[in-house]
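What follows is one structure encoded as structure tokens, with my remarks underneath.
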Amino acid sequence: MANVIIIAVAVSVVGLAVFYVYRAKKRGQKCIGCPYGKQCNGNCGKQKS
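Numbering of the sequence shown is given in this note's numbering, commencing with residue 1 and proceeding in unit increments.
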């Protein structure tokens, strides 16, 4: 029974993460973890040389 609960919690966490990414992309955010996600050009995290 404990295995079923653990699997259900894991599936819920993954499902919520996928739903969050889906909604963020639908709103137009290019960099989901970036506070300037709607404003940047998609190069967040890439360092300038």
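Idealized CB from N, CA, C, for every residue including glycine.
Computed from a predicted model, the values in this text were never measured in an experiment.
Give the secondary structure of residue i by DSSP, where H, G and I count as helix, E and B as strand, and everything else as coil.
{"i": "G15", "result": "helix"}
{"i": "I32", "result": "coil"}
What is the rounded straight-line gap between the Cα of residue i and the Cα of residue j?
{"i": "S12", "j": "G28", "result": "25 Å"}
{"i": "I7", "j": "V18", "result": "16 Å"}
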